[in-house]
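A.B. asks: Chains as they are written, first to last, in the working numbering: chain A, 1 to 178; chain B, 1001 to 1358; chain C, 2001 to 2535. C-beta: ideal position from N, C-alpha, C; glycine also. Predicted, not measured: the structure shown is a model, and the values here were computed from it. Supplied in structure tokens, the structure appears directly below.
Next up, the structure:
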């Protein structure tokens, strides 16, 4: 019996030492992950995720303190890319497509104050002082900054209307498990 | 908004319960023969098995708050219990059937997520559990007792056999495989062990000791061919399993006939026919492709022969099936059909431009 | 001729007897026609008429936008009453830009030119005229035919295959066309073959159309065209499958028939080509099968593009039984529409009113992994696996299994004992993937914009600071010069004989000088400053 105890103790000690050495030798320094995550995020620094800009969100993601579904303007494309980069599984069913909202200007109430296009991170608003503004739909990421500064609430985020080109089949509702 | 249905707007006249019903139809001749061979206790065990399965499934569905009727009526639970009953000793006590059925439908099927989600064949999993936990009851075989023979129990006696562990004298008998294995341990060679015990003609017609449904090899073969004709199953898995048993049997019995039984013996004994046509063709636990099913069947046959010949248990079908069920995902991963326009590795075929004559 | 085997496939009930023996009849001229500007794959056509214009039959009313587009012609003479949105003949019921035409009842043709020998035209000219006639693939794909001809002419065509398969149940429009107008079809085939310099021409017809086979064999006698009888199976009429069966070749994944020297056209398209080249008539009508268990009198009709589907149904006697589904096209790949007010377009091969029994649908059950779908798939995919992944929203796994190679034929859904809507899953997944691609592109574009804006702001800031620094440096230099000049000035002032030789500071001296208006000295001061600044 003594031999059994002794042999297992020796085995455990040796293996433990090997693990300790490996932890030192193969340690990974730093985190180049953050830069790669910043590349994936939209970069409009809108703050909808609750972190200070896209860099802050990337830091939180790298630490694992934020879910990959944190970026509404990025939509599903960004959530999936983040999940792939971080190697996590996530439930994307709650993430709306980023194209679901877009800024629209009600021209009757726009006073041409120019506040909105100054804050738009992608230059999606065209306008000049005393001129009615217009939104470039292809450039709008629905970050919401313009809506916050507009004094007449003429620029709002509206759902995008579905057209014959953008219509897609819905997901079949399974009566039972597939 | 989407009240609009997606194409196709036509359907083949087939449903799950029709498929299950056809399989049960194919099992009926062998089952009826088993009832005739072994009398009332056999009928009792079969009925208890089915009833327990239905009640067990209903109980689980109630717990999960899912609709009960569609699941019970799709026939899969009944079929599982039927196959389990066919592999039990016909005079087994009632609680064996109840335990087995409940294990099969609750633990081996519903707990994995219901129909289509289980990796292991529920009937075989239950049989193995019973065999390992209650080896006495699961290896107590009886000689056939058709109505009119001296030992055939009446209805009341049949109930007593099933529910009260009533023993009928002189009925206990070993199955063929069990007998041979026991004789091997006593040092008696194959030919001697078989003489007086093994009559191939009797075995063909099933007139020997065995489980409820395994003895009627011919009826099972007929049922299997019926299913193949109806396109419910394909020939690949059954043929492969039979080959998997026959080929090693042929080779080894030619080399050493004193110790290795020949192919006919293997074909007619144990649950091989039942296994080949009805157990391994269970769609949920077998591979998706024809080649995959062939490999699966071959593996089942080989393992069955190995366990029968060199393993500790006399019958190997149940274990072989469970082992190959574990291999099904691997088979499915490596054996896939070639996609149109791509080669075997999945790479797109190369374009050979047409040379234009100017 | 030796045929190659088709893998998979299913044998649905043909149900063609309902309308196969009904000869083609014309629908009476509708009062109002709705002509969508998008009846083809590619960019919508742009209108060249305005509201109020009077047009003749066959007149160009919308021109093609770019290479992947098609022209649209007035189906009858009349007046353009509206240019706006109208319901599209699509499952979504969404609007599409449409030209609404009120017919004047006269059906007057625009001036057309009949050619004696169409084969005198050059190959390029034929393709150009086919494009000008607005001809698109009439098998249902509606790909612009001229573009296909140009591509094939440039890459070379080994075999031209004319698709007379019509494998969908119920549909008999191609069957009747071949029976009744075989001569014109064959001339169209020969024109296409000439236009792409095809080395071999085959017409594939399924064996469930014996009369059509006979008619076509008569018509091709003596020409280079060969009629080949194919076994009837679904989806024999699919482009990939008909090429495989007739020639044994496979289109490489992600490729086109032109990549392997093949060209496939529908018989109706060949007919349209003949009408366009010989008679100068653009494509403005097609044969439509109106059938289904709920229709009173199933028939094959020659219909003008833009005719409301309701008029077809009324002409076919209306509904005899309650309609469970109204479908445009065949039952395997057709689209359900919620009402009959939609117009017929170039790709509408059939209008089916199906009863509930015919659709044979029940609620789905769980998948039992029976792999009947695997046996049915003509492409060799694993529908059960792909659908399971898609249900778990794991689209990349489905793509790895070959989702993008799926031709959405519906064979798998048709045979599934569990009635699982497999093709619905696949089309949903393909739509999701397309959305994600668009999302990715948009993300890249907006990221670029955001970066550029940031860079611009930083650049402006930098320039502003530089400019401020420069101004500051200049101001300091000016100050220094001013001080230097003032000192020199005060020296000068002291050396001047003044009436009041009081000791003056530099500033006072300058003030005094200014006050006494000694321009000479002021000018000297100015000159001194300029010289200092310039230095």
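(1) To the nearest angstrom, how far is the alpha carbon of residue 1074 of chain B from that of residue 1287 of chain B?
(2) For residue 2325 of chain C, which residues in chain B fall below 7 Å Cβ to Cβ?
(3) Does the Cβ of residue 161 of chain A have 16 or more other Cβ atoms within 10 Å, making it buried, or fewer, making it exposed?
(4) I want to know whether the segment 2159–2169 of chain C touches the segment 2321–2340 of chain C - three or more CB-CB distances under 8 Å.
(5) So residue 2361 of chain C packs on residue 1011 of chain B, CB below 8 Å; how close in whole Å?
(6) Counting only Cβ pairs nearer than 9 Å, list the residues of chain C close to residue 1228 of chain B.
(7) Could you give the C-beta distance for residue 1320 of chain B and residue 1304 of chain B, rounded to a whole number, given that I count them as a contact under 8 Å?
(8) To test your reading of the DSSP string, which unbroken beta strand (DSSP E) runs of 3 or more residues are found completely within the segment 94–148 of chain A?
(9) Determine the closest residue to residue 2186 of chain C out of C/2441, C/2266 and C/2305, with distance taken between C-alpha atoms.
(10) Quick one: which residues of the segment 2043–2070 of chain C get their C-beta closer than 7 Å to a C-beta of chain A? List them in chain order.
(11) With C-beta atoms as the reference, is residue 1037 of chain B less than 8 Å away from residue 1215 of chain B?
(12) Since residue 2262 of chain C and residue 2158 of chain C are thought to touch, with beta carbons under 8 Å apart, how far apart are those beta carbons, to the nearest angstrom?
(13) In the DSSP assignment, find the unbroken beta strand (DSSP E) run with residue 1324 of chain B in it and report its ends.
(14) From which residue to which residue does the alpha helix (DSSP H) around residue 2216 of chain C run?
(15) By DSSP's criteria, residue 1312 of chain B is part of a beta bridge. Which residues make up the other side?
(16) So with Cβ pairs under 8 Å, would you call residue 2470 of chain C a contact of chain A?
(17) For the segment 2133–2150 of chain C and the segment 2278–2292 of chain C, state whether three or more C-beta atom pairs, one from each stretch, are separated by less than 8 Å.
(18) Evaluate the contact criterion for the segment 2305–2325 of chain C versus the segment 2334–2353 of chain C: three or more CB pairs, one atom per stretch, below 8 Å.
(19) For residue 2368 of chain C, does the three-state DSSP call read helix, strand or coil?
(20) Using 8 Å as the Cβ pair cut-off and three pairs as the minimum, do the segment 2361–2376 of chain C and the segment 1102–1117 of chain B touch?
(21) Using only the alpha-carbon positions, how far apart do residue 109 of chain A and residue 2096 of chain C sit?
(22) Please return the same chain residues whose Cβ sits closer than 6 Å to the Cβ of residue 2131 of chain C, not counting the five positions on each side in sequence.
(23) Closest to residue 2357 of chain C by CA distance: which of C/2323, C/2385, C/2377 and C/2380 is it?
(24) Answer yes or no: do residue 1043 of chain B and residue 1092 of chain B have a C-beta to C-beta separation smaller than 8 Å?
(25) Where does residue 1216 of chain B fall in DSSP's three states?
(26) In the DSSP assignment, the beta strand (DSSP E) including residue 2079 of chain C goes from what residue to what residue?
(27) For residue 1001 of chain B, I'd like the list of residues in its chain whose CB is within less than 7 Å of its CB, leaving aside the five on either flank, ordered along the chain.
(28) Bridge partners for residue 158 of chain A per DSSP, in chain order?
(29) Could you check whether residue 1086 of chain B and residue 1015 of chain B sit closer than 8 Å to each other, using their CB atoms as the reference points?
(30) For the candidate residues B/1034, B/1079 and B/1063, whose alpha-carbon lies nearest to that of residue 1020 of chain B?
(31) Between which residues of its own chain and residue 1125 of chain B is the CB-CB distance below 6 Å, once the five residues before and five after are set aside?
(32) Spell out whether any CB of chain C is found under 8 Å from the CB atom of residue 1084 of chain B.
(33) What residue range does the beta strand (DSSP E) around residue 2200 of chain C cover?
(34) Need the endpoints of the alpha helix (DSSP H) that residue 2152 of chain C sits in, please.
(35) Roughly how many whole angstroms lie between the Cα atoms of residue 2252 of chain C and residue 125 of chain A?
(36) Just verifying my parser: in three-state terms, what is the DSSP assignment at residue 2039 of chain C?
C.D. replies: Reading it off the structure:
(1) The residue given as residue 1074 of chain B occupies position 74 in the second chain. The residue given as residue 1287 of chain B occupies position 287 in the second chain. Each residue's Cα considered, the two are about 22 Å apart.
(2) On the third chain, residue 2325 of chain C is found 325 positions in, with the first residue counted as 1. Near residue 2325 of chain C (Cβ distances below 7 Å), the residues of chain B are 1005 and 1009.
(3) Here residue 161 of chain A is taken as the residue at index 161 of the first chain, counted from 1. By the neighbour-count rule (16 or more Cβ atoms within 10 Å), residue 161 of chain A is not buried but exposed.
(4) yes
(5) Translated into positions along the third chain, residue 2361 of chain C becomes position 361. Translated into positions along the second chain, residue 1011 of chain B becomes position 11. Residue 2361 of chain C to residue 1011 of chain B, Cβ: 6 Å. Contact.
(6) To locate residue 1228 of chain B, count along the second chain from 1; it is residue 228. Going along chain C, no residue has its Cβ under 9 Å from residue 1228 of chain B, so there is no contact; the nearest lies around 13 Å.
(7) Counting from one through the second chain, the residue named residue 1320 of chain B turns up at place 320. Counting from one through the second chain, the residue named residue 1304 of chain B turns up at place 304. Between residue 1304 of chain B and residue 1320 of chain B the Cβ distance is about 4 Å, and since that is below 8 Å, they are a contact.
(8) 101–105
(9) Against the third chain, residue 2186 of chain C aligns to sequence position 186. With distances taken between Cα atoms, residue 2186 of chain C lies closest to C/2266.
(10) none
(11) Position 37 of the second chain, counting from 1, holds the residue named residue 1037 of chain B. Position 215 of the second chain, counting from 1, holds the residue named residue 1215 of chain B. Going by C-beta atoms, residue 1037 of chain B is nearer than 8 Å to residue 1215 of chain B.
(12) One-based indexing of the third chain puts residue 2262 of chain C at position 262. One-based indexing of the third chain puts residue 2158 of chain C at position 158. 7 Å between Cβ atoms; contact.
(13) For the purposes of this step, residue 1324 of chain B is identified with residue 324 of the second chain, where counting begins at 1. From DSSP, residue 1324 of chain B is part of no beta strand (DSSP E) but of the alpha helix (DSSP H) over 1317–1334.
(14) The residue labelled residue 2216 of chain C in the question sits at position 216 within the third chain. That run of the alpha helix (DSSP H) goes 2210–2219.
(15) Here residue 1312 of chain B corresponds to residue number 312 of the second chain, with the count starting at 1. Beta-bridge pairing links residue 1312 of chain B to no other residue.
(16) Here residue 2470 of chain C is taken as the residue at index 470 of the third chain, counted from 1. Output row for residue 2470 of chain C: interface = no.
(17) yes
(18) yes
(19) Against the third chain, residue 2368 of chain C aligns to sequence position 368. Note: residue 2368 of chain C maps to coil in three-state DSSP.
(20) yes
(21) Within the first chain, the letter at position 109 stands for residue 109 of chain A. Within the third chain, the letter at position 96 stands for residue 2096 of chain C. Their backbone Cα atoms lie some 30 Å apart in a straight line.
(22) In the third chain, the residue the question calls residue 2131 of chain C occupies position 131. Closer than 6 Å at the Cβ level, and outside the excluded window around residue 2131 of chain C, lie 2146.
(23) Residue numbering aside, residue 2357 of chain C sits at position 357 when the third chain is read from its first letter. For residue 2357 of chain C, the nearest C-alpha among the options comes from C/2323.
(24) Here residue 1043 of chain B corresponds to residue number 43 of the second chain, with the count starting at 1. Here residue 1092 of chain B corresponds to residue number 92 of the second chain, with the count starting at 1. Going by C-beta atoms, residue 1043 of chain B is not nearer than 8 Å to residue 1092 of chain B.
(25) In the second chain, the residue the question calls residue 1216 of chain B occupies position 216. DSSP places residue 1216 of chain B in coil when its eight states are reduced to three.
(26) Here residue 2079 of chain C refers to the residue found at position 79 of the third chain. Per DSSP, residue 2079 of chain C belongs to the beta strand (DSSP E) from 2078–2087.
(27) Here residue 1001 of chain B is taken as the residue at index 1 of the second chain, counted from 1. With a pLDDT of 35 at residue 1001 of chain B, under the threshold of 50, the predicted position of this residue should be treated as unreliable, though the coordinate-derived value follows. If we look at residue 1001 of chain B and ignore the five residues flanking it on each side, it has no Cβ neighbours.
(28) As a working mapping, residue 158 of chain A is identified with position 158 in the first chain. The partner list for residue 158 of chain A (beta bridge, DSSP) reads A/102.
(29) If you number the second chain from 1, residue 1015 of chain B lands on position 15. If you number the second chain from 1, residue 1086 of chain B lands on position 86. In this structure, residue 1086 of chain B does not lie closer than 8 Å to residue 1015 of chain B by Cβ.
(30) Translated into the one-based positions of the second chain, residue 1020 of chain B becomes position 20. When each option's Cα is compared against that of residue 1020 of chain B, the closest is B/1079.
(31) As a position in the second chain, residue 1125 of chain B is number 125, starting the count at 1. Within the same chain, residue 1125 of chain B has close Cβ partners 1108.
(32) Within the second chain, residue 1084 of chain B is the residue found at index 84, counting from 1. No, its Cβ sits nowhere closer than 8 Å to a Cβ of chain C.
(33) As a first step, residue 2200 of chain C is located in the third chain; it is residue number 200 there, counting from the start. Residue 2200 of chain C -> beta strand (DSSP E) spans 2200–2206.
(34) Numbered from its first residue, the third chain carries residue 2152 of chain C at position 152. Where residue 2152 of chain C is concerned, the enclosing alpha helix (DSSP H) stretches over 2145–2155.
(35) Against the third chain, residue 2252 of chain C aligns to sequence position 252. Against the first chain, residue 125 of chain A aligns to sequence position 125. Each residue's Cα considered, the two are about 45 Å apart.
(36) Sequence index remark: in the third chain, residue 2039 of chain C carries index 39 (1-based). It is coil, neither helix nor strand.
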